[in-house]
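Numbering (my numbering), first residue to last: 940 to 1032.
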């Protein structure tokens, strides 16, 4: 049995789908984190970012599967973008 090698291929539609999903999920999760901190004055410093990151990671993993993105580098870069955008929305909202 041969070792798996990624084909590093994707469709343009799959890339756009993944990018839009990353932007929407980051904005929504960052907004939820902001609302919890601002309105409820309740924020667990380690747990909430971990939960938000796990939710975003799950959504992006599903987006990679649906969009047929077979490039781990592109998926990782979009995941990093999602995390940075979520952090930015939380701190600037």
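Beta carbons: idealized from backbone N, C-alpha and C, even for Gly.
All figures in this text were calculated on a predicted structure; none of them were measured in a lab.
*Using the C-alpha atoms, what's the distance from residue 1019 back to residue 985?*
18 Å
*Rounded C-beta distance between residue 1021 and residue 995? I'm assuming under 8 Å.*
5 Å
_So for residue 1009, helix, strand or coil by DSSP?_
coil
*Answer yes if the segment 1001-1016 comes into contact with the segment 945-960, meaning at least three C-beta pairs across the two stretches below 8 Å, and no otherwise.*
yes
*Distance CB(residue 1025)-CB(residue 1000) smaller than 9 Å*: no
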